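**Q** Pasting a structure here, questions to come.
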Amino acid sequence: MSYRYVYCWLLLASLQLAFPTLTRAQGSPPWQWVRQGTSTTASGGRNIAVAASGNVFVTGYFTHTLTLGTTTLTTDSTDAFVAKYTASGQLLWAQKLGSSGQGTGYQLVVDATENCYVAGVFRGTVHVGATTLTSQSDGDEFLVKYSGQGILLWGQRSSDLAPNYHTMGGGADFPLGPYLNLHLSLDAQGNLYTASRFRGTITRGTATFTAQGTDALLVKYNAQGQVQWARQGGGTGEDYAADVALDAAGNAYVVGGYSTPATFGSVVLPAGRSANYNTYLLKYDAQGTILWGHALAPTSSPAYAQLQAVGVDASSNVYVLGGFTPELTLGSTTLSLPVVSSGHVFLAKYDTQGTALWARMAGSLPPNTIEGSNGYDLAVQADGTVTISGAYSRSMTFDQLTLGTPGGLNQTFVARYTPQGVPSVNWSNVMLRE
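Written out as structure tokens, the structure reads:
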């Protein structure tokens, strides 16, 4: 059977929509272009980055063969790939990781000179120049750097926490995206920050860390892949870092979750009401000193709150996106669901000192509240305009804007907010069919 996956890019939003069946909501901006990759077995795009020039980088996985434009990549099993397109959609180059086992690319970022950093998972071996990376578990994480011309410059392996694997049709195994632990961000000097989680004992640079359960980890690398510093945080339970973003001064803003009272440097986060994860927002300076931290905990039980993404504007205001139920207080704003629901999306803005400026929620209104909704990623422009993406069932309401679901199917959404938190454009209504 031949699987055909469409890679679609809204260049203005710098967000990826990678689903087989697409419908566009009324009022959406016109598509700039669409490019398709063809695989004889299976393939998928996992992440996208847009350079200042408008050139587009994408990473993902493929099994056996993948054809992008006139370039065909081949592998004996499942491998990661990275590709570069011009702003008008012309393929410049495509490379595979070259794993002898399985590999998948999940995260990537691009610096000012269009070097590309890719993170993913692999098992088996990967050859990076004269260096061979060998997985020590069923699935280790890799971090590699490509030049703007597609030359592999360096690579590293880490075994923070083995991801789960899923079996696709044809017997090919590949790692599930939500379980990747490594999240990337670049500062203006080309230093790379990674946010992740780990179990057991690990070493980063000259520092060794031991987790009591699962702990969060923030690491700063220089452009040559050398560790500058690393910071651990957590408690006795399951803790993680979900995303990291940087301001112009190199301050790092980290979001994640924790299950018991957790310590991050001088910041101690209390236990919340959630029986599973509570969520947090932290700020570190460029030297790795924690400056402040906030626990974003539900105010009633049963409950959950989960931050998925963080971004920063040119004024160092911080934007966070996630999901919650049934009530969440951020600064002077309390978000409360009208009825019991499995979850709503929330978006909040903080200043650089950690003061909450505003918070907004979006989700299904009665009677379509049982399935819920969640926010997964955001892109922040210099002026503070925010574009968010996520998923919902049945219906999704942003103030006075409502999206439906033909046939009650699960849907993804893309929406834009002004710097004041007003939903200004309902960009896309994208249907996902199993």
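The opening residue of the sequence shown carries number -14 in the numbering used here; numbering runs sequentially from there.
Glycine included, every Cβ here is placed at the ideal spot set by N, Cα and C.
Computed from a predicted model, the values in this text were never measured in an experiment.
1. What's the C-alpha gap between residue 109 and residue 74?
2. Quick check on DSSP: helix, strand or coil for residue 408?
3. Could you check whether the Cβ of residue 366 sits closer than 7 Å to any Cβ belonging to chain D?
4. Going by DSSP, what residue range makes up the beta strand (DSSP E) through residue 99?
5. Can you look up residue 366 in the DSSP assignment and give me helix, strand or coil?
6. If we ignore side chains and look at the alpha-carbon of each, how far apart do residue 62 and residue 112 end up?
7. Under DSSP, the beta strand (DSSP E) around residue 136 begins and ends at which residues?
8. Could you spell out the range, first to last residue, of the beta strand (DSSP E) harbouring residue 214?
9. I believe residue 213 touches residue 263 by the beta-carbon criterion, under 8 Å. Please report the beta-carbon distance rounded to the nearest angstrom.
10. Spatial neighbours of residue 294 within its chain, please: CB distance less than 6 Å, with the 5 preceding and 5 following residues excluded, ordered by chain position.
11. Select from 77, 320 and 66 the residue whose C-alpha is nearest the C-alpha of residue 55.
12. Since residue 31 is in the beta strand (DSSP E), which residue starts that stretch and which ends it?
13. Could you check which residue in 240, 256 and 239 has the C-alpha nearest to that of residue 247?
14. So what's residue 61 in DSSP terms, helix, strand or just coil?
15. How is residue 311 classed by DSSP in three states: helix, strand or coil?
16. What are the residues that DSSP puts in a beta bridge with residue 374?
17. Return the residue from the list 195, 47 and 209 that minimises the CA-CA distance to residue 96.
18. With distances taken from CA atoms, which of 170, 216, 204 and 309 is nearest residue 283?
19. Count the C-beta pairs between the region 191 to 199 and the region 121 to 140 that are closer than 8 Å, then say yes if the count reaches three, no if not.
20. Is the Cβ-Cβ distance between residue 178 and residue 205 less than 7 Å?
21. Please classify residue 291 as buried or exposed, where buried requires at least 16 other C-beta atoms within 10 Å of its C-beta.
22. Under a three-way DSSP split, which group does residue 379 fall into?
23. On the three-state DSSP scale, how would you describe residue 80?
24. I need the DSSP call for residue 158, collapsed to helix, strand or coil.
25. Going residue by residue through the region 232 to 280, where are the continuous beta strand (DSSP E) segments of at least 3 residues, counting only ones entirely within it?
26. Once you ignore the five residues that flank residue 190 on each side, which residues in its own chain have a CB closer than 7 Å to its CB?
27. Is residue 338 buried or exposed, if buried means 16 or more other CB atoms sit within 10 Å of its CB?
28. Examine the ligand MN and report whether any of its heavy atoms sits within less than 6 Å of the Cβ of residue 239.
29. Provide the residue(s) that pair with residue 332 in DSSP beta bridges, ordered along the chain.
30. Going by the DSSP bridge assignment, what does residue 91 pair with across the sheet?
31. Where residue 126 and residue 104 are concerned, what is the direct C-alpha to C-alpha distance, given to the nearest angstrom?
32. Following the continuous beta strand (DSSP E) through residue 201, name the residue where it begins and the one where it ends.
33. Check for me: the beta strand (DSSP E) holding residue 170 runs from which residue to which?
34. Should residue 71 be labelled buried (16 or more other beta-carbon atoms within 10 Å of its own) or exposed?
35. Have a look at residue 347 and residue 20 and give me their C-alpha separation to the nearest angstrom.
**A** Taking the definition as stated:
1. Here residue 109 is taken as the residue at index 124 of the sequence shown, counted from 1. Here residue 74 is taken as the residue at index 89 of the sequence shown, counted from 1. Going from the Cα of residue 109 to the Cα of residue 74 covers about 33 Å.
2. Position 423 of the sequence shown, counted from the first residue, corresponds to residue 408. Reduced to three states, the DSSP call for residue 408 is strand.
3. The displayed structure is made up of one protein chain only, and chain D is not part of it.
4. In the sequence shown, residue 99 corresponds to position 114, counting from 1. Looking at the DSSP string, residue 99 is not in any beta strand (DSSP E), and its letter there is neither H nor E.
5. Residue mapping note: residue 366 aligns to position 381 of the sequence shown, counting from 1. DSSP places residue 366 in coil when its eight states are reduced to three.
6. Here residue 62 is taken as the residue at index 77 of the sequence shown, counted from 1. Here residue 112 is taken as the residue at index 127 of the sequence shown, counted from 1. For residue 62 and residue 112, the distance between alpha carbons rounds to 16 Å.
7. For the purposes of this step, residue 136 is identified with residue 151 of the sequence shown, where counting begins at 1. Taken as a continuous stretch (DSSP letters only), residue 136 belongs to no beta strand (DSSP E), as it is neither H nor E.
8. Here residue 214 corresponds to residue number 229 of the sequence shown, with the count starting at 1. 212 to 218 is the extent of the beta strand (DSSP E) around residue 214.
9. For the purposes of this step, residue 213 is taken as the residue at position 228 of the sequence shown. For the purposes of this step, residue 263 is taken as the residue at position 278 of the sequence shown. So it is not a contact: roughly 30 Å between Cβ atoms.
10. The residue you call residue 294 lines up with position 309 of the sequence shown. Hits under 6 Å: 228, 306, 362 and 363.
11. By one-based count along the sequence shown, residue 55 stands at place 70. Nearest option by C-alpha distance: 77.
12. Counting from one through the sequence shown, the residue named residue 31 turns up at place 46. Here the beta strand (DSSP E) through residue 31 covers 27 to 35.
13. Counting from 1 along the sequence shown, the entry for residue 247 is found at position 262. Of the listed residues, the one whose Cα sits closest to residue 247 is 256.
14. Taking the sequence shown and counting its residues from 1, the one referred to as residue 61 is at position 76. Residue 61: strand per DSSP, three-state reduction.
15. Position 326 of the sequence shown, counted from the start, is the residue given in the question as residue 311. Correct three-state label for residue 311: coil.
16. The sequence position of residue 374 within the sequence shown is 389, counting from 1. Residue 374 pairs with 362 and 399.
17. Locating residue 96 in the sequence shown gives position 111, counting from the first residue. Minimum Cα distance to residue 96 is reached at 209.
18. The sequence position of residue 283 within the sequence shown is 298, counting from 1. Of 170, 216, 204 and 309, the residue nearest in Cα terms is 309.
19. no
20. The count along the sequence shown starts at 1 and reaches residue 178 at position 193. The count along the sequence shown starts at 1 and reaches residue 205 at position 220. Contact flag set, yes.
21. Sequence index remark: in the sequence shown, residue 291 carries index 306 (1-based). Result: buried.
22. Within the sequence shown, the letter at position 394 stands for residue 379. Coil at residue 379, not helix or strand.
23. For the purposes of this step, residue 80 is taken as the residue at position 95 of the sequence shown. It is a strand residue.
24. Position 173 of the sequence shown holds residue 158. Since pLDDT at residue 158 reaches only 45, below the 50 mark, its modelled position is unreliable, and the value read off the structure follows with that caveat. Note: residue 158 maps to strand in three-state DSSP.
25. 237 to 243, 247 to 249, 252 to 254 and 263 to 269
26. Counting from one through the sequence shown, the residue named residue 190 turns up at place 205. Hits under 7 Å: 212 and 215.
27. The residue given as residue 338 occupies position 353 in the sequence shown. It counts as exposed.
28. What this structure holds is no ligand at all, so the ligand MN is not there to describe.
29. If you number the sequence shown from 1, residue 332 lands on position 347. Per DSSP, 306 and 345.
30. In the sequence shown, counting from the first residue as 1, residue 91 sits at position 106. Answer is none; residue 91 lacks a bridge partner.
31. For the purposes of this step, residue 126 is taken as the residue at position 141 of the sequence shown. For the purposes of this step, residue 104 is taken as the residue at position 119 of the sequence shown. Going from the Cα of residue 126 to the Cα of residue 104 covers about 7 Å.
32. Along the sequence shown, one-based indexing puts residue 201 at 216. Per DSSP, residue 201 belongs to the beta strand (DSSP E) from 192 to 206.
33. By one-based count along the sequence shown, residue 170 stands at place 185. Unbroken beta strand (DSSP E) run through residue 170: 168 to 171.
34. On the sequence shown, position 86 is the one that residue 71 refers to. With fewer than 16 other Cβ atoms within 10 Å, it is exposed.
35. The residue labelled residue 347 in the question sits at position 362 within the sequence shown. The residue labelled residue 20 in the question sits at position 35 within the sequence shown. Their Cα atoms are separated by approximately 31 Å.
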